[in-house]
Amino acid sequence: FDLVKTIGKGTFGKVYLVKYKKNSKYYAMKILRKNKIKEQNQVAHTKTERNLLEKMQNPFIVKLHFAFQSNERLYIVTELMQGGELFYHLISESHFTEEKTRFYCSQIILAIEFLHKNNIIYRDLKPENILLDCDGNIKLSDFGLSKTTLKDDNYKAYTICGTPQYLAPEILLAKGYDKSVDWWSLGVLIYQMISGE
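Under our numbering, the first residue of the sequence shown is numbered 8, with each subsequent residue one higher.
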């Protein structure tokens, strides 16, 4: 890969626009530093993200193309989402029309339903984790906080995680929660998209 430019920064590394030498196509490459992942006890979350991206084939979930590692770093190469984060568009427009909100929500719902049918609780729905392609369609990204559940519909998770503004009360109460917490986060997101708050 040829590194073209930095397109994002996070706690554990950076995301680059890269060009694959074999076919001259562009991708997004997340490069994570292993020592930072270990220091922050994020090994399990990182493995979860990589494994889920590999298994989840859906038009509304970002597609994994390559994953490899060196002694110091992990490399996750996904399709390039040229439209950027939904967060950026929401900030620049201050809020969306009901029609635009409905359009984005319909695609988010299809992605969440797909995850739930595959026994996955997403747990981190927010505008920063929703990417747009060049046509304005969305794809979910960042599956580090996702939880693969048992096939039992009565399964409960107990970990308190996610972005505070989008957390369902069940998560904060620490009495156990299920897939429904993703629908709460979607409700918060709908309110944010329509009101701009």
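Note that beta-carbon positions come from the ideal geometry of N, C-alpha and C, so glycine has one too.
| Residue range of the alpha helix (DSSP H) that residue 109 falls in? | The sequence position of residue 109 within the sequence shown is 102, counting from 1. Residues 105–124.
| Residue range of the unbroken alpha helix (DSSP H) whose run includes residue 15 | For the purposes of this step, residue 15 is taken as residue 8 along the sequence shown, with counting starting at 1. In the DSSP annotation of this structure, residue 15 is not part of any alpha helix (DSSP H); the continuous beta strand (DSSP E) holding it starts and ends at 9–16.
| request: Excluding the 5 residues preceding and the 5 following residue 153 in the sequence, name in chain order all residues of the same chain whose CB lies nearer than 7 Å to its CB. | output: Residue numbering aside, residue 153 sits at position 146 when the sequence shown is read from its first letter. Here the set comprises 55, 59, 127, 128, 129, 130.
| task | Compute the minimum distance between the beta carbon of residue 103 and the heavy atoms of the ligand FAD, and state whether it is under 8 Å. | result | No copy of the ligand FAD occurs in the structure displayed, which carries no ligand at all.
| Do residue 141 and residue 89 have their C-beta atoms within less than 9 Å of each other? | As a position in the sequence shown, residue 141 is number 134, starting the count at 1. As a position in the sequence shown, residue 89 is number 82, starting the count at 1. A contact, by the Cβ cut-off of 9 Å.
| field | Backbone CA spacing between residue 169 and residue 73 [nearest angstrom] | value | By one-based count along the sequence shown, residue 169 stands at place 162. By one-based count along the sequence shown, residue 73 stands at place 66. One Cα belongs to residue 169, the other to residue 73, and the distance between them is close to 26 Å.
| residue 186: which of 197, 167, 119 sits nearest, CA to CA? | Within the sequence shown, numbered from 1, the residue matching residue 186 stands at position 179. With distances taken between Cα atoms, residue 186 lies closest to 119.
| Does DSSP put residue 91 in a helix, a strand or coil? | Here the question's residue 91 lines up with position 84 in the sequence shown. In this structure, residue 91 counts as strand in the three-state DSSP scheme.
| request: Within its chain, find whatever has a CB closer than 8 Å to the CB of residue 71; leave out the 5 residues flanking it on each side and keep chain order. | output: Mapped onto the sequence shown, residue 71 falls at position 64. If the five residues before and after residue 71 are omitted, its C-beta is found closer than 8 Å to the C-beta atoms of 57, 60, 61, 83, 84, 85, all from its own chain and listed in chain order.
| request: Could you say if the segment 95–109 and the segment 171–182 meet the contact criterion of at least three C-beta pairs nearer than 8 Å? | output: Output reads no: the segment 171–182 does not touch the segment 95–109.
| said: One question on the structure: do residue 124 and residue 196 come within less than 9 Å of each other, judged by their Cβ atoms? | reply: By one-based count along the sequence shown, residue 124 stands at place 117. By one-based count along the sequence shown, residue 196 stands at place 189. In this structure, residue 124 keeps its C-beta atom at 9 Å or more from the C-beta atom of residue 196.
| said: Can you give me the C-alpha to C-alpha distance between residue 167 and residue 181, rounded to a whole angstrom? | reply: Residue mapping note: residue 167 aligns to position 160 of the sequence shown, counting from 1. Residue mapping note: residue 181 aligns to position 174 of the sequence shown, counting from 1. In a straight line, the C-alpha of residue 167 is about 7 Å away from that of residue 181.
| task | Report back the beta-carbon spacing between residue 151 and residue 53 to the nearest angstrom; my notes put them in contact at under 8 Å. | result | Position 144 of the sequence shown, counted from the first residue, corresponds to residue 151. Position 46 of the sequence shown, counted from the first residue, corresponds to residue 53. About 6 Å; that satisfies the 8 Å criterion.
| To the nearest angstrom, how far is it from the Cα of residue 91 to the Cα of residue 158? | Taking the first residue of the sequence shown as 1, we reach residue 91 at position 84. Taking the first residue of the sequence shown as 1, we reach residue 158 at position 151. Within the model, the alpha-carbon separation for residue 91 versus residue 158 is close to 34 Å.
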